[in-house]
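One structure below.
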Amino acid sequence: MYKFKGRDILSIKDFSKEEILYILKLASKFEKKVNPNLLKGKIVATLFYEPSTRTHQSFSSAAQRLGAGVIGFDNINVTSIKKGESFQDTLRIMANLSDVIVIRHPNIGSADLAAETVSIPVINAGDGPNNHPSQTLLDLYTIQKVFKRLDNLKVALVGDMKHYRTFHGQILGLSKFLNNKIYGICPKRLEMPVEFKNKNYQDVVINMKDLDKTLADLKPDIVSLGRIPKEYIKGNSRKFEFRITMETVKKLPSNTIIMHPLPRIDELDIGVDEYPNAIYFQQAKNGLYIREALLALVL
Amino acid sequence: MYKFKGRDILSIKDFSKEEILYILKLASKFEKKVNPNLLKGKIVATLFYEPSTRTHQSFSSAAQRLGAGVIGFDNINVTSIKKGESFQDTLRIMANLSDVIVIRHPNIGSADLAAETVSIPVINAGDGPNNHPSQTLLDLYTIQKVFKRLDNLKVALVGDMKHYRTFHGQILGLSKFLNNKIYGICPKRLEMPVEFKNKNYQDVVINMKDLDKTLADLKPDIVSLGRIPKEYIKGNSRKFEFRITMETVKKLPSNTIIMHPLPRIDELDIGVDEYPNAIYFQQAKNGLYIREALLALVL
Amino acid sequence: MYKFKGRDILSIKDFSKEEILYILKLASKFEKKVNPNLLKGKIVATLFYEPSTRTHQSFSSAAQRLGAGVIGFDNINVTSIKKGESFQDTLRIMANLSDVIVIRHPNIGSADLAAETVSIPVINAGDGPNNHPSQTLLDLYTIQKVFKRLDNLKVALVGDMKHYRTFHGQILGLSKFLNNKIYGICPKRLEMPVEFKNKNYQDVVINMKDLDKTLADLKPDIVSLGRIPKEYIKGNSRKFEFRITMETVKKLPSNTIIMHPLPRIDELDIGVDEYPNAIYFQQAKNGLYIREALLALVL
Chain A
1 MYKFKGRDIL SIKDFSKEEI LYILKLASKF EKKVNPNLLK GKIVATLFYE PSTRTHQSFS
61 SAAQRLGAGV IGFDNINVTS IKKGESFQDT LRIMANLSDV IVIRHPNIGS ADLAAETVSI
121 PVINAGDGPN NHPSQTLLDL YTIQKVFKRL DNLKVALVGD MKHYRTFHGQ ILGLSKFLNN
181 KIYGICPKRL EMPVEFKNKN YQDVVINMKD LDKTLADLKP DIVSLGRIPK EYIKGNSRKF
241 EFRITMETVK KLPSNTIIMH PLPRIDELDI GVDEYPNAIY FQQAKNGLYI REALLALVL
Chain B
1001 MYKFKGRDIL SIKDFSKEEI LYILKLASKF EKKVNPNLLK GKIVATLFYE PSTRTHQSFS
1061 SAAQRLGAGV IGFDNINVTS IKKGESFQDT LRIMANLSDV IVIRHPNIGS ADLAAETVSI
1121 PVINAGDGPN NHPSQTLLDL YTIQKVFKRL DNLKVALVGD MKHYRTFHGQ ILGLSKFLNN
1181 KIYGICPKRL EMPVEFKNKN YQDVVINMKD LDKTLADLKP DIVSLGRIPK EYIKGNSRKF
1241 EFRITMETVK KLPSNTIIMH PLPRIDELDI GVDEYPNAIY FQQAKNGLYI REALLALVL
Chain C
2001 MYKFKGRDIL SIKDFSKEEI LYILKLASKF EKKVNPNLLK GKIVATLFYE PSTRTHQSFS
2061 SAAQRLGAGV IGFDNINVTS IKKGESFQDT LRIMANLSDV IVIRHPNIGS ADLAAETVSI
2121 PVINAGDGPN NHPSQTLLDL YTIQKVFKRL DNLKVALVGD MKHYRTFHGQ ILGLSKFLNN
2181 KIYGICPKRL EMPVEFKNKN YQDVVINMKD LDKTLADLKP DIVSLGRIPK EYIKGNSRKF
2241 EFRITMETVK KLPSNTIIMH PLPRIDELDI GVDEYPNAIY FQQAKNGLYI REALLALVL
């Protein structure tokens, strides 16, 4: 129906609403049933130029659950890169040893460059602040599982709108569907860059001390959290700028869900884990099924 | 018969004599026959918070020999831990990506905490000086293979009774069986802590220079060696305190076996490798079958 | 026909012309057809005492494509070696956990020592400047694919004859076949050591500025390039001594192929990648089939 074989997965932008729904449906099938022979004899190359436990292990688990082998690295010191090899040469070599490349790199556009360089499919597992389509897809899959829909949702993004890739992907993904309203709650200097804004999105710039009240007034279906990276916190001596606790959650509608791509630090109190709609660990598990679906589709 | 599915393997204490014999019997089956499809589609997460070639590689080999995939780390620098993620968050995430967790951690009780945190089975691969049940089981398996019994044995533990986990496990394991006599041969300051002593065990505090004569007089069935970690050797300028050589072995009964969990340094001379009852390399191999049995049982 | 099961693969010297052709034929079969069940339940141990993306990932991919599991390390810091374990103890342990050992080590003779130490087969993946038989076999496989023969070839090796293992292997490999003429083009101080010279080989010592003309005059079938390691480049301030560009290639016969084991740095301009007979990336891919063949043969 949809052509996925051999395709690169670079950005959520490249997928139509129908294609997204198709991927989610396949992920749902993988959630129900393990297919340990589907990718037997295939090799997934995971090229992580910066560490990411969650994403790397998730792709590795997904590949092996489908019977594929895994090669690659998450520690650039142990590779030929040390010997001065170029990014593109490494890619070409790894492409010759594998059937699909999963790449994480701190530079914007690195996955696109990878896709231009090699003929096998490339999956972008994060290129700096830019794209991370499997994260966006697992977010959508998680929302769909809870609400049985991907439209008519009120979503509060809370944190660093300026740099946080996960938020950029959520705006893009949710805007493919009808009538979603997205609010970016952030301090003044971390507003959403204009290139990620659209008609569904609205900045809500606040003093983060007022966060609990702002959320209570907004009554969102979804609170999507993310770290404010340490390097963007004003002044070294200041404490972290906000924290979601059970106090925050108690003031929200009872069916509001709390999402977080993890890892978390101070912005999400572990007390919230007890809250039935705190679904961030389930979210991580959903990533497994989405990544199985993506690997299966492109191979 | 015995309920193992979903169970945590935290300490040899948790197993009855009958359960131990059952595990050894299954290990023996795995030694005779490879089962490359038994755990197909399953994922084993190996979380090594401190390096351990032997144990990590052994679990990884065991898992893959049964057809399972392996994820995890043995280098905490490359994980999200660097970003400040909590121990329990890492565990919850890894549990969502896998079917069983194998954990090695320097802190006592870390495996118990892991088991409380996640719902999938946890196998303790060493928590500081405390427990390392697969090591104890492979020691018992090795003894059983040689002597065709696990009772009526005279065992000389030689080394650091105070800190050495392997000895603590051997006392616990051998005391499940009848009539075993265990002697802990050590220098004064490295005596067995009271919590690991029992009626089967007796300290034999000696000047380690008298080791050869002490062992010759004792006539043990088993000499179980272990390192005295460098940090416990008195004075930086002093040489290692004892060394088992062929001279030692020649004075022992001809059927006495020499065990060592490896790696060895100065305490066990490579000359002893020629001795037919030097079974420490066989011991390492036996670990593979024990770990296959444990993974198969809990999954 | 030929006895390979259980055999060590230490040096190209150990193989007859007929055995080499047999290995290449099997590699060709693996190129045509994936065999994901051939080595099911087997474990390949990869012991990389120095980093090598290409070779390590290639063996890992080859093993997994045949259904085998992979254990090992490419970072000696995370192993028991840190605790002071001897090279031979590590080998004996790893041999007990696996079915074949693939070893890379900076010291000459380390693979031979490994083969003497353990009873399972050992594949030498490079011991310093000495041997790297799978590299030589993939070079021969690549040449055979292009020219449909392994004799009557004129080959120009360009670079560091003194230290570069790949060249030493190519001389040995090509000299098994009839009528090959090999020219080692190098600066004065990097001439071929006498122990690698034979009747097929001839030094062509030049000022590397004259490289283009020397190659044009020679009209070789094959130009085989290799790095001059930085530590052998005279003077820190001097630029790299030579560079093959499209200018070089244009002066060569139209069917001359360009080989390079990669990684490359300055000695091979990326402009050459467009040249149809620039086959170094194909060469890397061929390594996969050769390594599949070697693993299958010894197991």
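Chains as they are written, first to last, in my numbering: chain A, 1 to 299; chain B, 1001 to 1299; chain C, 2001 to 2299. Beta carbons are placed, not taken as given, at the ideal position from N, Cα and C, and that holds for glycine.
In the structure shown, F2281 of chain C adopts helical secondary structure according to DSSP, grouped into three states. Restricting attention to beta strand (DSSP E) runs no shorter than 3 residues, the segment 2032-2120 of chain C encloses them at 2043-2048, 2069-2073, 2100-2105, ordered along the chain.
L1295 of chain B has its alpha-carbon roughly 40 angstroms from the corresponding atom of T1214 of chain B. In the three-state scheme derived from DSSP, where H, G and I count as helix and E and B as strand, K2250 of chain C is classed as helix. Pairwise C-beta distances place the segment 198-218 of chain A in contact with the segment 157-171 of chain A, as three or more of them are shorter than 8 angstroms.
Within the segment 2260-2273 of chain C, the residues whose Cβ lies closer than 8 angstroms to some Cβ of chain A are L2262, P2263, R2264, I2265, I2270, listed in chain order.
Between A293 of chain A and A95 of chain A, the C-beta gap is not smaller than 7 angstroms, which leaves the two residues out of contact. Judged by beta-carbon spacing, S175 of chain A lies within the 7 angstroms limit of N200 of chain A, meaning their Cβ atoms are closer than that value. Contact between R1054 of chain B and L1262 of chain B holds, since their C-beta atoms are separated by about 6 angstroms, short of 8 angstroms.
Among the CB atoms of chain C, one or more fall inside 7 angstroms of the CB of P1036 of chain B. Secondary structure note for Y2141 of chain C: its alpha helix (DSSP H) is the uninterrupted segment 2133-2147. Proximity of the segment 2128-2143 of chain C to the segment 2097-2114 of chain C meets the contact definition, three or more beta-carbon pairs being nearer than 8 angstroms.
Residue environment analysis places Y2002 of chain C among the exposed positions, since fewer than 16 neighbouring C-beta atoms fall within 10 angstroms of its C-beta. In this structure, Y2141 of chain C places its C-beta atom within 7 angstroms of the C-beta atom of I2290 of chain C. Chain B places no beta carbon closer than 7 angstroms to that of A27 of chain A, leaving this residue out of the contacts. Taking a contact to require three or more Cβ pairs closer than 8 angstroms, the segment 1106-1119 of chain B and the segment 1169-1188 of chain B do not qualify as touching. The shortest C-alpha to C-alpha distance from I108 of chain A to any of A:L153, A:Y49, A:M259 is the one to A:Y49. In this structure, DSSP gives N1124 of chain B an extended state, which the three-state scheme calls strand. By the rule that beta-carbons nearer than 7 angstroms mark a contact, L1297 of chain B does not touch chain C. Distance from the Cα of H2168 of chain C is smallest, within the candidate group C:D2008, C:V2194, C:L2178, for C:V2194. For the C-beta of M208 of chain A, not a single chain C residue is nearer than 8 angstroms; the gap to the nearest is close to 41 angstroms. Neighbours of S1134 of chain B in chain C, taken as residues at a C-beta separation under 7 angstroms, are lacking, since the least C-beta distance is about 13 angstroms. Within the model, the alpha-carbon separation for L2066 of chain C versus L1039 of chain B is close to 18 angstroms. I120 of chain A and N35 of chain A have their C-alpha atoms spaced approximately 23 angstroms apart.
Proximity of E2031 of chain C to chain B, defined by a Cβ-Cβ separation below 7 angstroms, is not satisfied.
The straight-line gap separating the alpha-carbon atoms of K2025 of chain C and E2031 of chain C is approximately 10 angstroms. Between G6 of chain A and chain C, the shortest Cβ-Cβ separation is not below 7 angstroms. Counting along the chain, the unbroken beta strand (DSSP E) around D203 of chain A starts and ends at 201-205.
For G2128 of chain C, same chain residues with a beta-carbon under 6 angstroms away, outside a window of 5 residues either side, are P2106, N2107, I2108 in chain order.
Our two residues, A1063 of chain B and F1087 of chain B, have alpha carbons roughly 24 angstroms apart in a direct line.
Chain A has a Cβ within less than 7 angstroms of the Cβ of R1092 of chain B.
Q88, D89, T90, R92, I93, M94, A95, N96, L97, S98: these are the residues of the segment 88-116 of chain A whose beta carbon lies less than 9 angstroms from some beta carbon of chain C, given in chain order.
At a cut-off of 7 angstroms between beta carbons, G1128 of chain B makes no contact with chain A. A distance below 8 angstroms between beta-carbons, with the five flanking residues on each side excluded, links L252 of chain A to the following residues of its chain, in chain order: L215, A216, K219, P220, V223. V1298 of chain B and F1004 of chain B have their C-alpha atoms spaced approximately 5 angstroms apart. Counting only residues of its own chain and dropping the five nearest sequence neighbours on each side, R2243 of chain C has a CB closer than 7 angstroms to the CB of D2266, E2267, D2269.
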